[in-house]
Amino acid sequence: MVMLDYHAYSIGVEWHLTFRCNLNCAHCSVASYRNEEFINKVYNLGDLKNIRELRYSEWIPFLEMLEKSHYTAIRVVFSPTNGESTVHPDFVDIWNTLSDIKNVSSLWIATNGTILWKYLDKMDLTKLGRITFSIDGGTAEVHEKIRGRGTFDSLWKSIELIDSLKHDDPGFYLQVNYVINGLNADSLKNLPHLFRHIKSKVIINVFPIDISSGNARVNYKLLSISWDEVEKNFAKMYAELKKINYERNQENLPPIKVYMHEVSSRVFRLFKRLNGLSLKDFSFNIQSTQSTWKSCAAYNKRRIYLDPYGNVYPCGKFAEPIFRKIFYGENGYYAVPNIMDGLVTIEDILNSEFFVMARRWIDELYEKIPCRNCPLKTSCPFCPVAAYYGGVKDECLKI
Numbered sequence: 001m002v003m004l005d006y007h008a009y010s011i012g013v014e015w016h017l018t019f020r021c022n023l024n025c026a027h028c029s030v031a032s033y034r035n036e037e038f039i040n041k042v043y044n045l046g047d048l049k050n051i052r053e054l055r056y057s058e059w060i061p062f063l064e065m066l067e068k069s070h071y072t073a074i075r076v077v078f079s080p081t082n083g084e085s086t087v088h089p090d091f092v093d094i095w096n097t098l099s100d101i102k103n104v105s106s107l108w109i110a111t112n113g114t115i116l117w118k119y120l121d122k123m124d125l126t127k128l129g130r131i132t133f134s135i136d137g138g139t140a141e142v143h144e145k146i147r148g149r150g151t152f153d154s155l156w157k158s159i160e161l162i163d164s165l166k167h168d169d170p171g172f173y174l175q176v177n178y179v180i181n182g183l184n185a186d187s188l189k190n191l192p193h194l195f196r197h198i199k200s201k202v203i204i205n206v207f208p209i210d211i212s213s214g215n216a217r218v219n220y221k222l223l224s225i226s227w228d229e230v231e232k233n234f235a236k237m238y239a240e241l242k243k244i245n246y247e248r249n250q251e252n253l254p255p256i257k258v259y260m261h262e263v264s265s266r267v268f269r270l271f272k273r274l275n276g277l278s279l280k281d282f283s284f285n286i287q288s289t290q291s292t293w294k295s296c297a298a299y300n301k302r303r304i305y306l307d308p309y310g311n312v313y314p315c316g317k318f319a320e321p322i323f324r325k326i327f328y329g330e331n332g333y334y335a336v337p338n339i340m341d342g343l344v345t346i347e348d349i350l351n352s353e354f355f356v357m358a359r360r361w362i363d364e365l366y367e368k369i370p371c372r373n374c375p376l377k378t379s380c381p382f383c384p385v386a387a388y389y390g391g392v393k394d395e396c397l398k399i
């Protein structure tokens, strides 16, 4: 069982170079971020100093912050939740500059993979620790039903090329994000077969569709899926994964693992449906050095989130307009810091009024959420803001 110890990194930087994307997927929940009117009227609550996408020269102050920082192990993750970094005109230059910074120990990227292959020969991949590809079908036909014609071949070209370049790196992982929904649930069982001959360490991350916003909300009738259907199709995929891993083992290839973001009651319920369950087949997001159940990275000064305009937040939740409105309503107004404010160090960001008040607010929420009494609280990386304002899963309350 692989334990992903995120505390090994001094701080994580979630960096969205752009909210733009070259695709318009049927299940995209953040499609509104491509809309200029949304950015001008909804995303910007009058609290942002800039809503213009920055170019390389304008990011230099932040790059210098990283270079001069006392943090000696900085992980930078490109586009973890929104946008396609590879469409930014300065993506390669920014990537290579980060790779040259000694304090940056690891670079991660989430991508749809459709144009990445064009840039790989120009990128310094030495510090690439993980790449996450979005795949939405165990076959090209199903994938393209959701992502568009021709997307599978270009994606697979990137996967094969990155595998050829990085499979010998013992610290490298190739992750697959599969958003299970009504259009692709039955195809999930084919996913392990796609990666049968990939030499890199592969992690499959399956999570249910969020139909609350964007294109997913428009197409909810096609995409909706019950948790029972998720479990049933996950079990079919796991059975195929066991077969594929047996074959990979015969060729001394690393086993394909399944990523579990949480260890919760819902996961235990899922495990009950799996025949031949072995925890060795799973990779868990467990913070093994965690000394407190208050594990929020923003609360513990272990994360900052950058939007394409240079605005900096404690995490992605604070970049969401609805949560910033709630934050201001309960705590008063505090300006969101921007890298062009004259900030000199990462500490200047972490000690800004906005960040200090955000941590204070998170601490107050920790004492109000039902999670505080849960026996699984040290193994489930829940968000205290989401848990308080969005509620927790029904089955969590039954523990």
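The sequence shown lines up with residues 1 to 399 when you count with full-length UniProt numbering. Glycine is no exception: its CB is placed at the ideal position from the N, C-alpha and C atoms.
Compute the Euclidean distance between the alpha carbons of residue i and residue j, then round it to the nearest angstrom.
i           : j           : result
residue 204 : residue 221 : 26 Å
residue 114 : residue 64  : 31 Å
residue 1   : residue 281 : Residue placement at residue 1 is flagged as unreliable, the pLDDT there being 36, under the threshold of 50; the coordinate-derived value follows with that caveat. Their backbone Cα atoms lie some 7 Å apart in a straight line.
residue 320 : residue 304 : 14 Å
residue 346 : residue 24  : 35 Å
residue 92  : residue 66  : 18 Å
residue 241 : residue 58  : 46 Å
residue 352 : residue 143 : 44 Å
residue 288 : residue 389 : Because the pLDDT of residue 288 is 43, which lies under 50, any placement of that residue in the model is unreliable, and the question is left without a value.
residue 368 : residue 391 : 11 Å
residue 47  : residue 40  : 11 Å
residue 105 : residue 75  : 6 Å
residue 252 : residue 161 : 20 Å
residue 56  : residue 90  : 6 Å
residue 290 : residue 378 : Unreliable positioning characterises residue 290 in this predicted model, as indicated by a pLDDT of 48, which lies under 50. A coordinate reading is not provided.
Whose CA, out of the options, lies closest to the CA of residue i?
i           : options            : result
residue 274 : 237, 309, 283, 306 : 237
residue 11  : 301, 382, 196, 217 : 301
residue 316 : 385, 96, 90        : 385
residue 296 : 145, 60, 380, 27   : 380
residue 200 : 107, 266, 131      : 131
residue 349 : 322, 154, 306      : 306
residue 34  : 122, 48, 278, 214  : 214
residue 28  : 81, 73, 197        : 81
residue 122 : 139, 135, 147, 94  : 94
residue 194 : 22, 77, 140, 124   : 140
So residue i is in the beta strand (DSSP E); what residue range does that whole segment cover?
i           : result
residue 173 : 173 to 180
residue 75  : 74 to 78
residue 226 : Looking at the DSSP string, residue 226 is not in any beta strand (DSSP E), and its letter there is neither H nor E.
residue 217 : Counting along the chain, residue 217 falls outside any beta strand (DSSP E), though it belongs to the alpha helix (DSSP H) covering 214 to 218.
residue 259 : 257 to 260
Take residue i and list the residues in its own chain whose beta-carbon comes closer than 8 Å to its own, dropping the five residues that flank it on each side.
i           : result
residue 126 : 99
residue 180 : 188, 206, 207, 208, 209, 225, 230, 233, 234
residue 261 : 205, 207, 285, 381
residue 62  : 306, 310, 339
Taking the beta carbon of residue i as the centre, do at least 16 other beta carbons fall within 10 Å, making it buried, or is it exposed?
i           : result
residue 42  : exposed
residue 358 : buried
residue 184 : buried
residue 338 : buried
residue 314 : buried
residue 292 : exposed
residue 83  : buried
residue 257 : buried
residue 86  : buried
residue 324 : buried
residue 192 : buried
residue 15  : buried
residue 227 : exposed
Looking at the secondary structure, which residues open and close the alpha helix (DSSP H) in which residue i lies?
i           : result
residue 208 : Per DSSP, residue 208 belongs to no alpha helix (DSSP H); it is in the beta strand (DSSP E), 201 to 208.
residue 66  : 56 to 68
residue 329 : 321 to 331
residue 354 : 353 to 366
residue 152 : 151 to 166
Between residue i and chain D, is there a C-beta pair that is closer than 9 Å?
i           : result
residue 283 : Protein chains in the displayed structure number just one, and chain D is not present.
For residue i, collect the residues of the same chain with a Cβ closer than 7 Å to its Cβ; drop the 5 residues on either side in sequence, then sort them by chain order.
i           : result
residue 211 : 217, 220, 223, 224
residue 71  : 10, 11, 103, 346
residue 355 : 314, 349
residue 52  : 309
residue 387 : 369, 371
Closer than 6 Å by C-beta to residue i: which residues in its own chain qualify, once you throw out the five before and the five after it? Chain order, please.
i           : result
residue 128 : 107
residue 30  : 82, 214
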